[in-house]
Every structure is written in structure tokens, then in C-alpha cells.
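Numbering (my numbering), first residue to last: 264 to 492.
Even glycine gets a Cβ: it sits at the ideal position worked out from N, Cα and C.
Here is the structure we will look at.
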């Protein structure tokens, strides 16, 4: 578990990060702060592994605050401006995120943190929050994702879970290079479980998933690989 604090003087920015973090079981928020002095008191009182730190704040900006720390946690700078990017990376920041921060960009940043710190060395997995629990799911065990408005259903061999406020588009960009293909507005499928294909559908055993008209090209690219062409 990576203990993190969020430091930002904008409540909406804090709220967005909290929402992103709620979808990832690897992170635990130990505090949220709206200025650098409050963050300093938190850092003195408890262990913090990762700090999401806004740069432009009143009294003391994030760059100067981070420089002043004797014991520095890993840091991901957040800002609405590109001007500080070079200085941020010179301070060996894990990443530098431009607002508004998308979940895709946030996810890649956290994965970079995990790789750098060697926190997790396990088969590829994702953690989904559903029904008050955090579910650790190996990617290879996922059959497909199905979108229901802003909610998402994740299917396995004998069960499924529903993840609230997580449209399939949030995960499509993250998984398209990991043997997943999007063949319909509402479906993202694990290609390793596909047993048969036609021009209109794919089959996973007795499970049928339609091919959407808007995703014909993605399907045709996959079909060529599936058929060995």
C-alpha cells in the first residue's frame, strides 16, 4: 500500500484526485492539504510514500516547498501550466501532470511510481473497488468489460463485478496494448479468451459479443492477427 497525501489549494482538484485514487487499491490517502504549511505538519507526523503536489499555491509554491524538505517523499507535481516542467523533473519528480488530469494519465503516472519504487513485483493486475471491497484481478483472468452508462461490469469465467462511475473508455486506452481490443462502444474484450469470430460477432465459448459498426477497423485489424494473416 502506497501512503499518499494530496496538496492543492483547489478543492475541485483534490476531489478529482480522490476519485482517481478510489479506483486504485495500491494507494491510500493519509491526508489532504490546501497549503504547503499544512502538508509540512503532516510529513513531520507520519510516513508518506507519495505526494501529489500542486505547484501554484499561495504563500509557498510547490517547487519551493519540496526543495525545503529534508526528507522528501516521492512526488508527482500537478499544475495547470507547463512552465515548471523542467524544474520539476530536475527535482527527480516521478511525474509532472497537467490539469485537468485524466484517469489514463494519472494511472500511467502511478504505474511509473510503482516501477521506480519496486513496490509490486507480481503478474499484471488491476484493482477494482466494488461493493465496499477492493478486488485484485489478474488481467489474464478478465474475459471482457461491458459499459452501462457511467458504470462498468467486469466479467470472469464464473462471476462478474460492477464498478461504479467507470466507463469502459477509461480502461480502453490502458489495456489496448495488453491483449485487449475494443470492438464495440460498450465492450472491451480480452483477445486471449476469444474462440471464434465472424464479421458480426466474436465468441468466447458460448458468450457472444457484437461487433459495433464504429469499430470495424479495430475488429478487422484484430481478425487478421487472429487468422494469422
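Alpha-carbon to alpha-carbon, residue j and residue i
i: residue 287; j: residue 489; result: 32 Å
i: residue 323; j: residue 439; result: 41 Å
i: residue 325; j: residue 363; result: 17 Å
i: residue 410; j: residue 327; result: 43 Å
i: residue 412; j: residue 431; result: 9 Å
i: residue 244; j: residue 361; result: Shown here, the chain extends from 264 to 492; a query on residue 244 therefore has no answer.
i: residue 370; j: residue 458; result: 31 Å
i: residue 381; j: residue 315; result: Low confidence applies to residue 381: its pLDDT is 47, below 50, so where it sits in the model is not reliable enough to give any reading.
i: residue 481; j: residue 450; result: 12 Å
i: residue 385; j: residue 435; result: Caution applies to residue 385, whose pLDDT of 48 falls short of 50 and renders its modelled position unreliable; the model cannot decide the point.
i: residue 309; j: residue 335; result: 13 Å
i: residue 405; j: residue 423; result: 9 Å
i: residue 467; j: residue 269; result: 42 Å
i: residue 225; j: residue 415; result: Only positions 264 to 492 of the chain appear in the structure, and residue 225 is not among them; the question remains open.
i: residue 484; j: residue 419; result: 25 Å
i: residue 281; j: residue 417; result: 22 Å
i: residue 394; j: residue 469; result: 28 Å
6 Å CB neighbourhood of residue i in its chain, flanking five on each side removed
i: residue 264; result: 291
i: residue 271; result: 277 and 317
i: residue 366; result: 283 and 433
Nearest neighbour of residue i, chosen from the options [CA to CA]
i: residue 425; options: 458, 472, 447 and 390; result: 390
i: residue 311; options: 462, 301 and 294; result: 294
i: residue 289; options: 477, 267, 321 and 303; result: 267
i: residue 452; options: 315, 478 and 346; result: 478
i: residue 461; options: 487, 449 and 436; result: 487
i: residue 354; options: 368, 346 and 337; result: 337
i: residue 333; options: 420, 375, 378 and 306; result: 306
i: residue 330; options: 303, 308 and 465; result: 303
i: residue 313; options: 421, 374 and 485; result: 374
i: residue 396; options: 404, 469, 427 and 376; result: 427
i: residue 279; options: 378, 470, 368 and 345; result: 368
Cβ-based neighbour list, residue i, same chain, cut-off 8 Å, excluding 5 preceding and 5 following
i: residue 388; result: 399, 400, 401 and 402
i: residue 463; result: 473 and 474
Assigned exposure category for residue i - 16 Cβ within 10 Å defines buried
i: residue 447; result: buried
i: residue 356; result: buried
i: residue 445; result: buried
i: residue 408; result: buried
i: residue 471; result: exposed
Nonlocal neighbours in the same chain, by C-beta distance under 7 Å from residue i, ignoring five residues either side
i: residue 320; result: 272, 298 and 299
i: residue 372; result: 339, 357, 358 and 360
i: residue 442; result: 453, 454 and 455
Any non-hydrogen atom of the ligand PLP closer than 6 Å to residue i Cβ
i: residue 368; result: Of the ligands one can find in the structure shown there are none, so the ligand PLP has no counterpart to examine.
Practice problem: Enumerate, from N- to C-terminal direction, the unbroken alpha helix (DSSP H) stretches of 4 or more residues contained entirely within the region 427 to 477. | Solution: 431 to 438
Practice problem: Go through the region 277 to 304 residue by residue and report every complete run of the beta strand (DSSP E) that reaches 3 residues or more, in order. | Solution: 290 to 296
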